[in-house]
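In the numbering used here, the protein residues as written are 6 to 154.
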């Protein structure tokens, strides 16, 4: 029988450190992906597929995820599961503006939009890995939602 251990909620200081690290990893990963894509000429560059928006939105997404996870950790019994579900829903919703670029930006191409969508997946994966026991963020058994067998 599994029993819930007393909640050892992460502090905002811990979340801030993890959030900054998450933002850095997501931003660098997407910048490297962008460099690879542009260097190989796989897609035609257009405004959203350039360094300023990629860096800005990668960092903003990770910072926003930090606040969301912090709120879940403070208020939800199973913060990891809730965060993963919300992250998946937000990821799917984040594809809508990218698809919309095909209709409003004459420079947007399907391969370029697909690269933008992959960048959203990168940020989501880094955030889930950083904040939940599914990834490297929290050692097993020390998470607020840890259970004893």
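Using N, Cα and C, we set each Cβ at its ideal position, and we do this for glycine too.
* **Top-ranked residue by Cα proximity to residue 92, from 120, 80 and 132** => Nearest neighbour of residue 92 by Cα position, chosen from 120, 80 and 132, turns out to be 132.
* Find out if the Cβ-Cβ distance for the pair residue 28, residue 64 is shorter than 8 angstroms. => yes
* To do: Pick out whichever of 137, 50, 19 and 89 has its Cα sitting closest to the Cα of residue 116.
  => 50
* Would you call the stretch 106-125 and the stretch 45-61 touching, i.e. three or more CB-CB distances under 8 angstroms? -> Here the stretch 106-125 lies against the stretch 45-61, with 3 or more beta-carbon pairs under 8 angstroms apart.
* Identify which residue in 109, 81, 104 and 59 has its Cα closest to the Cα of residue 40. => 59
* **residue 7, DSSP secondary structure in three states** => Low confidence applies to residue 7: its pLDDT is 46, below 50, so where it sits in the model is not reliable, and the reading given next is rough at best. Note: residue 7 maps to coil in three-state DSSP.
* If you draw a straight line from the alpha carbon of residue 134 to that of residue 57, how long is it in whole angstroms? -> 25 angstroms
* Asked: Do the stretch 123-130 and the stretch 86-102 touch if we need at least three Cβ pairs shorter than 8 angstroms?
  -> yes
* Asked: Near residue 99, what residues of its chain come up, given a Cβ to Cβ distance below 7 angstroms and the 5 sequence neighbours on each side ignored?
  -> Short of 7 angstroms from the beta carbon of residue 99, and not among the five residues preceding or following it, lie these beta carbons of its own chain, in chain order: 125.
* To do: Tell me, to the nearest whole angstrom, how far the beta carbon of residue 106 is from that of residue 118; I am working on the premise that it is less than 8 angstroms.
  => At roughly 6 angstroms, the Cβ-Cβ gap stays under 8 angstroms, so residue 106 and residue 118 are in contact.
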